[in-house]
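Here the sequence shown is numbered in the working numbering, starting from 155 and rising by one per residue.
Notes for the one structure printed next.
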Amino acid sequence: MKPDALLPDGVDVVEVNGVTVRKGSVGAFLISWRVMNDPGEDAGRRAAAREDLVGLLPGLRAMGVFDVFAARDPGLGVLIDGGG
């Protein structure tokens with residue numbers, strides 16, 4: 155499937171299993187993880203990135219991202235599994 159078949163131009167969200175998922179969620183998740191784990195980042199920015207990442211989890215779960223991909227970072231795995 156091509157990306158535009160799922161979210162054509164002008165469509166920014168899709169509903170999957172009752173959860174609204176925004177276009178760009180996977181990219182935002184990855185960037186949030188990088189900021190969250192960057193010791194050179196300000197503590198407030200790292201905390202905000204963690205909050206953003208956690209907020210993205212329901213949509214990524216609904217899309218089945220974690221049925222296909224597993225976190226190599228143990229701390230991220232804990233967050234994904236709902237324990238963090």
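Ideal Cβ placement from N, Cα and C applies to all residues, glycine included.
Owing to the predicted nature of the structure, the values given are computational and were not obtained by experimental measurement.
Would DSSP call residue i helix, strand or coil?
i	result
R226	coil
E169	strand
So residue i packs on residue j, CB below 8 Å; how close in whole Å?
i	j	result
K177	D166	5 Å
V175	A216	6 Å
A203	S186	4 Å
State the start and end residues of the unbroken alpha helix (DSSP H) segment that holds residue i.
i	result
M155	Where M155 is concerned, there is no enclosing alpha helix (DSSP H), given that its DSSP letter is neither H nor E.
P212	A197 to M217
G194	Here G194 belongs to no alpha helix (DSSP H), and DSSP marks it neither H nor E.
Skipping 5 residues on each side, what residues in its chain have a beta carbon closer than 6 Å to that of residue i?
i	result
G213	V173, V175 and S179
E195	V189
Spatial neighbours of residue i within its chain, please: C-beta separation below 8 Å, excluding the five flanking residues on both sides.
i	result
D192	R200
D227	W187 and N191
V170	G213, A216 and M217
Identify, in the order they occur along the chain, each residue of the same chain with its Cβ nearer than 7 Å to the Cβ of residue i, setting aside the five sequence neighbours on each side.
i	result
F183	L207, L210 and L214
A225	G231 and I234
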